[in-house]
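Novice: Below: one structure in structure tokens.
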Ligand SMILES: [Zn+2]
């Protein structure tokens, strides 16, 4: 996620905060300091409400983080690397690089997050009752009961059975287990996700008339869920179209390559002429790396006539490649998870061509036109 900064690492996973999180942090602290704590602890100084508000917001942030770490640990245990966890306005998101390979793994991965929230909720409530429950009107207990409630709400909310919520993933894994068709399961869960999202939007707007502006918050969450659900629906349609088709069926065969001593300017003119978005850099038949439009755009224009491609290319050792006999779905997933626009097609150590996002899109468009 862009516009985010790094906070640190937990268990080797990078923790990031998106700037939109600062907004929700300020809003939450304010609403707790102005409403929740004054009603629970009347006659306290205003500064105490603000301190409690900020402490509770940070503790909520830690709770959401624990929920995400729950997902991430199970993902890694199932062999799926986790790039980072980002906290943003609507909560947290684990950047899990691949989809689970089995319905069981998907179920465990999705369910662990809400489970962590339920355990945390139970713990905070246990502390609250041990400290005297509602009979003890202390600041400490006001914070504990808040954290207990919010974690339980988080657990329940996330278990709603619509994609992309955790409950949608749990739901998807169950359908997947029954019908053995991952993509069909995604479609059903994403469609349910859209229905739930629209219920949130209309419910939120209706509530706004009754309880005021805070109802719009629900509508706002609904809008976010609707767009995420339609993105996963689109993704599953894409994957379905590409399933079973081999890379060699659409990868362009003859491609231009360049020597490492080419200047950026020379490379660019070859790329424009051959309509390639990337140029493999070759030396004695061996590929040293790949220079892409993105690499070129990153370099200052003044350096184009002097700097050579080997200075700015992505070296072969860190390139992601596909084989001609691999599925197009594999190529698409690689491009999406690594953020590449094209991949070299390599077999037996030899470069066979390039496959780009636009190759995939053209193929999908063609296939849909034929279907019509
Ligand atoms: Zn979750």
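In our numbering, the protein residues as written are 20 to 391.
Each residue gets a CB set at the ideal place from its N, CA and C atoms; glycine is no exception.
(1) When we look at the beta-carbon of residue 86 and count the other beta-carbons within 10 Å, is it buried (16 or more) or exposed?
(2) To the nearest angstrom, how far is it from the Cα of residue 4 to the Cα of residue 36?
(3) Report yes or no: do the region 257-274 and the region 213-221 share at least 3 C-beta pairs separated by less than 8 Å?
(4) May I ask you to check if the CB of residue 186 is nearer than 7 Å to at least one heavy atom of ligand 1?
(5) I want to check one thing, is the minimum distance from the CB of residue 97 to the heavy atoms of ligand 1 below 7 Å?
(6) Nearer than 7 Å: is that true of the beta carbon of residue 170 relative to any heavy atom of ligand 1?
(7) What are the complete beta strand (DSSP E) segments, minimum 3 residues, inside the region 234-293?
(8) Please report the Cβ distance between residue 392 and residue 309, rounded to the nearest whole angstrom; I am assuming they are in contact, meaning their Cβ atoms lie under 8 Å.
(9) May I ask which residues mark the beginning and end of the beta strand (DSSP E) holding residue 37?
(10) Since residue 144 and residue 150 are thought to touch, with beta carbons under 8 Å apart, how far apart are those beta carbons, to the nearest angstrom?
(11) CB residue 373 to CB residue 270, shorter than 8 Å?
(12) Measuring only the C-alpha atoms, how far is residue 233 from residue 111?
(13) Which ranges would you report for the beta strand (DSSP E) in the region 300-353 if only whole runs of at least 3 residues count?
(14) Pull the bridge partners of residue 65 from the DSSP assignment, please.
(15) Indicate, with yes or no, if ligand 1 has a heavy atom lying under 7 Å from the CB of residue 114.
(16) Within this structure, are the beta carbons of residue 267 and residue 343 separated by less than 8 Å?
(17) Please report how far the alpha carbon of residue 371 lies from the alpha carbon of residue 339, in whole angstroms.
(18) Quick one, which of 305, 330, 307 has its alpha-carbon nearest residue 317's?
(19) For residue 115 and residue 81, which I take to be in contact (beta-carbon distance under 8 Å), what is that distance rounded to the nearest angstrom?
(20) Are the beta-carbon atoms belonging to residue 50 and residue 108 less than 8 Å from one another?
(21) Hey, is residue 7 close to ligand 1, as in C-beta under 7 Å from one of its heavy atoms?
(22) If you count every other CB in all the chains shown that lies within 10 Å of the CB of residue 185, and 16 or more means buried, which is it?
(23) Between residue 199 and ligand 1, is the CB less than 7 Å from at least one heavy atom?
(24) Residues in the same chain with beta-carbon distance under 7 Å from residue 60, minus the five sequence neighbours each way, listed in chain order, please.
(25) Given the structure, does residue 132 come close to ligand 1, in the sense that its CB is under 7 Å from one of the ligand's heavy atoms?
(26) Sort 210, 306, 312, 315 by Cα distance to residue 335 and report the nearest one.
(27) Sorted by chain position, which residues of the same chain lie with C-beta nearer than 6 Å to residue 382's C-beta, five sequence neighbours on each side aside?
(28) Does any heavy atom of ligand 1 sit closer than 7 Å to the C-beta of residue 90?
(29) Spell out the partners DSSP gives residue 112 in its beta bridges.
(30) From the DSSP output, which residues share a beta bridge with residue 176?
(31) Taking 7 Å as the cut-off, is the CB of residue 86 close to at least one heavy atom of ligand 1?
(32) Nearest-angstrom Cα distance between residue 366 and residue 101?
(33) For residue 263 and residue 346, what's the separation of their Cα atoms in angstroms?
(34) Find out if the Cβ-Cβ distance for the pair residue 302, residue 319 is shorter than 8 Å.
(35) CA-CA distance, residue 385 and residue 275?
(36) Are the region 201-214 and the region 224-238 touching by the rule of at least three beta carbon pairs closer than 8 Å?
Specialist: Reading from the atomic positions:
(1) As a position in the chain shown, residue 86 is number 67, starting the count at 1. Residue 86 comes out buried.
(2) Residue 4 lies beyond the residue range present for the chain, which begins at 20 and ends at 391; the question has no answer from this structure.
(3) no
(4) Taking the first residue of the chain shown as 1, we reach residue 186 at position 167. It does not: the Cβ of residue 186 is nowhere closer than 7 Å to a heavy atom of ligand 1.
(5) Translated into positions along the chain shown, residue 97 becomes position 78. No, Cβ of residue 97 sits at least 7 Å from all heavy atoms of ligand 1.
(6) As a first step, residue 170 must be located in the chain shown, where it is residue number 151. Every heavy atom of ligand 1 is 7 Å or more from the Cβ of residue 170, so no.
(7) none
(8) With the chain represented from 20 up to 391, any question about residue 392 goes unanswered, as that position is not in the structure.
(9) For this step, residue 37 is matched to residue 18 along the chain shown. Residue 37 -> beta strand (DSSP E) spans 32-37.
(10) Mapped onto the chain shown, residue 144 falls at position 125. Mapped onto the chain shown, residue 150 falls at position 131. About 11 Å separates the two Cβ atoms, so there is no contact after all.
(11) Start at 1 with the first residue of the chain shown, and residue 373 comes out as number 354. Start at 1 with the first residue of the chain shown, and residue 270 comes out as number 251. Yes, they are a contact pair.
(12) Translated into the one-based positions of the chain shown, residue 233 becomes position 214. Translated into the one-based positions of the chain shown, residue 111 becomes position 92. Their Cα atoms are separated by approximately 21 Å.
(13) 305-311
(14) Your numbering for residue 65 matches position 46 in the chain shown. Residue 65 pairs with nothing; no bridge assigned.
(15) Counting from one through the chain shown, the residue named residue 114 turns up at place 95. Checking every heavy atom of ligand 1 against the Cβ of residue 114, none is found closer than 7 Å.
(16) If you number the chain shown from 1, residue 267 lands on position 248. If you number the chain shown from 1, residue 343 lands on position 324. Yes; because the gap between Cβ atoms is below 8 Å, this pair is in contact.
(17) Position 352 of the chain shown holds residue 371. Position 320 of the chain shown holds residue 339. Taking the straight line from one Cα to the other gives about 14 Å.
(18) Position 298 of the chain shown, counting from 1, holds the residue named residue 317. Of 305, 330, 307, the residue nearest in Cα terms is 330.
(19) For the purposes of this step, residue 115 is taken as residue 96 along the chain shown, with counting starting at 1. For the purposes of this step, residue 81 is taken as residue 62 along the chain shown, with counting starting at 1. With 8 Å as the limit, residue 115 and residue 81 do not qualify as a contact, their Cβ atoms being about 21 Å apart.
(20) Walking along the chain shown from the start, residue 50 turns up at place 31. Walking along the chain shown from the start, residue 108 turns up at place 89. No. Outside cutoff.
(21) Here the chain comprises residues numbered 20 to 391, so residue 7 is not present and cannot be evaluated.
(22) Sequence index remark: in the chain shown, residue 185 carries index 166 (1-based). With 16 or more other Cβ atoms within 10 Å, it is buried.
(23) In the chain shown, counting from the first residue as 1, residue 199 sits at position 180. Every heavy atom of ligand 1 is 7 Å or more from the Cβ of residue 199, so no.
(24) Position 41 of the chain shown, counted from the start, is the residue given in the question as residue 60. For residue 60, where only same-chain residues beyond five positions count, the Cβ hits under 7 Å are 156, 158, 161.
(25) The count along the chain shown starts at 1 and reaches residue 132 at position 113. At least one heavy atom of ligand 1 is nearer than 7 Å to the Cβ of residue 132, so yes.
(26) The count along the chain shown starts at 1 and reaches residue 335 at position 316. Here the closest residue by C-alpha is 306.
(27) Your numbering for residue 382 matches position 363 in the chain shown. Excluding residues within five positions, the ones whose Cβ falls inside 6 Å are 269.
(28) On the chain shown, position 71 is the one that residue 90 refers to. For ligand 1, at least one heavy atom lies less than 7 Å from the Cβ of residue 90.
(29) What you label residue 112 is simply residue 93 of the chain shown in a count that begins at 1. BP columns for residue 112 point to 105.
(30) For the purposes of this step, residue 176 is identified with residue 157 of the chain shown, where counting begins at 1. According to DSSP, which records beta bridges pairwise, residue 176 is partnered with nothing at all.
(31) One-based indexing of the chain shown puts residue 86 at position 67. For ligand 1, at least one heavy atom lies less than 7 Å from the Cβ of residue 86.
(32) The residue you call residue 366 lines up with position 347 of the chain shown. The residue you call residue 101 lines up with position 82 of the chain shown. One C-alpha to the other measures close to 28 Å.
(33) Here the question's residue 263 lines up with position 244 in the chain shown. Here the question's residue 346 lines up with position 327 in the chain shown. If I take the Cα positions, the gap works out to 6 Å.
(34) Taking the first residue of the chain shown as 1, we reach residue 302 at position 283. Taking the first residue of the chain shown as 1, we reach residue 319 at position 300. No.
(35) Position 366 of the chain shown holds residue 385. Position 256 of the chain shown holds residue 275. Rounded to the nearest angstrom, the two C-alpha atoms are 25 Å apart.
(36) no
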